[in-house]
Amino acid sequence: MTTTPPLPRQLPRGLTQDELKTRVGQAALRYVLPGDIVGVGTGSTVNKFIDALAGMKEQIKGAVSSSVASTERLQALGIAVFDANAVPSLSVCIDGADEIDGQGHMLKGGGAALTREKIVAALAERFVCIADESKLVRTLGQFPLPVEVIPMAARHIARRFAAMGGQASLRLRNGQALVTDNGQHILDVKGLSITDPPAFESQVNQWPGVVTVGVFAHQKASVCLLGTAQGVKTLVYPGPDRPEPATRRCSASNH
């Protein structure tokens with residue numbers, strides 16, 4: 013499957029998806045503290061955050077990046093990039109999502125960086141998802157599920173998804189199998205309805221040949237900054253290891 017960027021969707025009050033992405037990218041700066049090394053994801057929305065982050069680059073130590081593309085953008089703006097092995101933990105990871113549900117579970121990997129994104133997310137105490145309102149869903153799976161796989165296992169894994177009712181196709185670029193930053197391939201799986209994201213993630217990650225499945229349930233979002241026509245809405249998803257005040261549980265606020 014060849015991935016092409018969607019055309020901007022016109023939204024109420026003349027706002028486009030690109031403008032919403034700019035708003036949430038700028039809003040994410042309030043989760044970055046002076047002296048931080050920031051976890052940075054990948055994608056068009058994250059690019060807006062990186063551009064905004066350049067305005068406070070003198071206040072932070074740098075970033076840990078989830079892809080070659082993000083690393084290049086950060087460095088071009090004068091932001092130092094650290095190897096993940098050199099950083100014991102991060103206070104925050106800022107990344108986008110292809111889908112996010114009401115519990116903060118996400119589907120990610122449209123930009124083919126899901127494995128490194130999950131590694132950076134695992135290092136962070138807080139995951140802040142930045143997205144436009146079209147990404148909020150009731151159930152994950154309408155967006156084709158990305159799965160990074162070792163090439164020799166691709167057909168076997170595709171058959172396992174077929175047994176679950178999914179249709180897996182190899183992601184292509186310029187007519188050839190796309191190769192990730194890790195030297196692997198991507199399967200995109202249509203036809204799934206992921207009603208129990210944590211169990212699904214655990215199950216598929218156990219299949220031989222799967223590097224990472226693009227369900228982020230065990231590294232779910234702590235906060236989602238959702239770009240809407242009415243402004244940036246903040247959705248908070250407390251977990252057992254991230255208690256929030258009772259008044260903020262599953263809360264939403266506009267900025």
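Just so we're aligned, residue 13 is where the sequence shown starts under my numbering, counting upward by one.
All C-beta atoms, glycine included, are put in the ideal place defined by N, C-alpha and C.
A distance of 8 angstroms or more separates the beta carbons of G55 and G153.
Contact annotation, V93 with S77: C-beta distance approximately 5 angstroms; criterion of less than 8 angstroms satisfied.
P46 sits in coil when the DSSP states are folded into three classes, being neither helix nor strand.
In terms of Cβ geometry, Y43 and V201 do not form a close pair [threshold 8 angstroms]. Contact annotation, R35 with I62: C-beta distance approximately 15 angstroms; criterion of less than 8 angstroms not satisfied. The alpha-carbon separation between K130 and F155 amounts to approximately 18 angstroms. Counting along the chain, Q87 sits inside the alpha helix (DSSP H) bounded by residues V80 to A88. Around G203, the same chain offers G177, G178 and Q179 as residues with beta carbons nearer than 6 angstroms, after the five sequence neighbours per side are excluded. The C-alpha of P46 is placed about 5 angstroms away from the C-alpha of Q71. Of the residues A241, G67, K232 and G243, the one whose Cα lies closest to the Cα of I106 is K232. Between L119 and E111, the gap from beta carbon to beta carbon is short of 8 angstroms. Contact between Q196 and V223 holds, since their C-beta atoms are separated by about 5 angstroms, short of 8 angstroms. For G67 and C236, the gap between their C-alpha atoms comes out near 22 angstroms.
Here D63 carries a helix assignment [DSSP, helix/strand/coil].
Sixteen is the threshold: since fewer than 16 other Cβ atoms of the shown chains lie within 10 Å of the Cβ of V80, the residue is exposed.
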